[in-house]
Amino acid sequence: MNLILKVKLKLLLFLWLLSGLITLFLEELLLNKSEATKIEKSLSLDHEKDLVTAKEIKIALSKETDSKKILPLLTTVTIDWNAAKIEKMLGVTNYMAKTALKIRKSSGFGAAPSTKIGRALSNSTIEKIRSFYESDEYSRIMPGKKDCISIMIEGKKESVQKRLLLSNIKDLHGKFLERYPDTKVSLSKFTKLRPANCVVVGCSGSHNVGVCKIHQNIKLKIHALNLALKESDQTYTINDLTKNMMCPDQEESCNLLICDECPGFSPLSKNLADRFKAKNIVERMDFFL
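Here is the structure:
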């Protein structure tokens, strides 16, 4: 009898301990669930805040096209955003996102990228470029009475006759660098320094002087020539061809076709004929002045 009682007591004690353990487990489970719910709500709120932030910045970005103004906006994102998140949430490039983070790290929120100060051109170089544009070799005075433009000269408004450029700006830039190899100037700066009275072919009124038809015809022929020789390593430009027909140190007489020393068409004709013959393209080629 005593043995049965002892067994019952031990069983009751075991059940009581088991009940306590179950209670502790359930309390811990509920606590963890509560914490998980709080964390989930916190993450949800953070995500909603991110969406609001992204929406606000996207609206601001849609009004800007200048990268110098876009980057300061990107630096205002939440501090825990990395480049990948900025790229994903705002739809910008990874490079812009990384650049914005670097700017924020060095200069703070809303900071703009520092402006790089380049080397300024000397007054003599600027004058050299303008004189180059206005040279009779590279531009021609337009003859019409209305072919003039009002510009400010030393604080006074004066009427100046327009000059039509005989080549595009890119070609002129290349010729300028050839003539002045020691002068370093970028194409953008060279374009910016074009005098206001020097106009390009195609602008209003420029059809009064017929200079582009033959020039463009030659360009198209050179393009066809390069297509025919596309498997060759050598391609031609209009400058290459004119160099082969004129003296190494070109003078004004060379460009006016009155120089007796210029090699003329013969060397160029022979060179092209040999290359065409090697390609079995043509059997005969004539050059006409």
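Going by my numbering, the first residue of the sequence shown is number 5, and it counts up by one from there. Every residue, glycine too, gets a C-beta built ideally from N, C-alpha and C.
Among the candidates Y137, R167, M156 and S135, whose CA atom is the shortest distance from the CA of K150? Against the sequence shown, residue 150 aligns to sequence position 146. The shortest C-alpha separation from K150 is found at R167.
Using the DSSP secondary-structure output, state which residues sit across from Q254 in a beta bridge. Against the sequence shown, residue 254 aligns to sequence position 250. Its beta-bridge partners do not exist; DSSP assigns none.
Can you pull the DSSP bridge partners for V164? Sequence index remark: in the sequence shown, residue 164 carries index 160 (1-based). DSSP output for V164 lists I153 as bridge partner(s).
Neighbourhood of E91 by C-beta distance below 6 Å, restricted to the same chain and skipping five residues each side: Here residue 91 refers to the residue found at position 87 of the sequence shown. Cβ within range, chain order: N98 and A101.
Sequence-distant residues of the same chain with beta carbon closer than 7 Å to C202, five excluded per side: Position 198 of the sequence shown, counted from the start, is the residue given in the question as residue 202. Result list for C202: Y137, E138, S143, R167 and L169, in chain order.
Determine which residues share a DSSP beta bridge with I145 and list them. Counting from 1 along the sequence shown, the entry for residue 145 is found at position 141. R167.
Could you tell me the distance, in whole angstroms, from the CA atom of D253 to the CA atom of H177? Counted from its first residue, the sequence shown places residue 253 at position 249. Counted from its first residue, the sequence shown places residue 177 at position 173. Going from the Cα of D253 to the Cα of H177 covers about 18 Å.
If the criterion is Cβ atoms closer than 8 Å, does the pair L105 and L94 meet it? On the sequence shown, position 101 is the one that residue 105 refers to. On the sequence shown, position 90 is the one that residue 94 refers to. Not closer than 8 Å, so no.
In angstroms, rounded to a whole number, what distance separates the CA positions of I130 and L197? Here the question's residue 130 lines up with position 126 in the sequence shown. Here the question's residue 197 lines up with position 193 in the sequence shown. Going by the C-alpha atoms only, they are around 7 Å apart.
Whether M249 touches C263 by CB criterion (8 Å): Counted from its first residue, the sequence shown places residue 249 at position 245. Counted from its first residue, the sequence shown places residue 263 at position 259. Contact: no.
Contacts around S163, its chain only, beta-carbon distance under 6 Å, and the 5 residues preceding and following it disregarded: Indexing the sequence shown from 1 puts residue 163 at position 159. Around S163: C152 and S154.
Rounded to the nearest angstrom, what separates W85 and S110 at their Cα positions? The residue you call residue 85 lines up with position 81 of the sequence shown. The residue you call residue 110 lines up with position 106 of the sequence shown. Looking at the two C-alpha atoms, the distance is approximately 16 Å.
Is it the case that the Cβ atoms of E141 and E255 are separated by a distance below 8 Å? The sequence position of residue 141 within the sequence shown is 137, counting from 1. The sequence position of residue 255 within the sequence shown is 251, counting from 1. Result no, Cβ atoms of E141 and E255 do not sit closer than 8 Å.
Select from I133, G159 and A228 the residue whose C-alpha is nearest the C-alpha of L181. Start at 1 with the first residue of the sequence shown, and residue 181 comes out as number 177. Here the closest residue by C-alpha is I133.
Beta-carbon contacts of Y240 that lie in its chain and below 7 Å, excluding the five residues immediately before and after: For the purposes of this step, residue 240 is taken as the residue at position 236 of the sequence shown. So the qualifying residues of the chain are I226, L229 and N230.
Measuring only the C-alpha atoms, how far is V205 from T187? Residue mapping note: residue 205 aligns to position 201 of the sequence shown, counting from 1. Residue mapping note: residue 187 aligns to position 183 of the sequence shown, counting from 1. Approximately 26 Å between the Cα atoms of the pair.
Over what stretch of residues does the alpha helix (DSSP H) that includes C103 continue unbroken? Locating residue 103 in the sequence shown gives position 99, where the first residue counts as 1. According to the sequence displayed, residue 103 carries Thr and not Cys. Where T103 is concerned, the enclosing alpha helix (DSSP H) stretches over N98 to S111.
Taking the alpha-carbon positions, what's the G112 to A124 distance? Residue 112 sits at position 108 when you count from the first residue of the sequence shown. Residue 124 sits at position 120 when you count from the first residue of the sequence shown. Straight-line Cα distance between these residues: approximately 30 Å.
What residue range is occupied by the uninterrupted alpha helix (DSSP H) comprising N201? Numbered from its first residue, the sequence shown carries residue 201 at position 197. No alpha helix (DSSP H) contains N201, which DSSP labels as neither H nor E.
So what's R279 in DSSP terms, helix, strand or just coil? Here residue 279 refers to the residue found at position 275 when the sequence shown is read from its first residue. The answer is helix: DSSP assigns R279 an H, G or I state.
Quick one: what's got a C-beta closer than 6 Å to Y184's C-beta in the same chain, skipping five residues either side? Walking along the sequence shown from the start, residue 184 turns up at place 180. The answer is none, since no qualifying residue turns up.
E182: first and last residue of the uninterrupted alpha helix (DSSP H) it sits in: Here the question's residue 182 lines up with position 178 in the sequence shown. Counting along the chain, the alpha helix (DSSP H) containing E182 begins and ends at I173 to R183.
Helix, strand or coil for I242, going by three-state DSSP, please let me know. Against the sequence shown, residue 242 aligns to sequence position 238. Looking at I242 - three-state DSSP - the assignment turns out to be helix.
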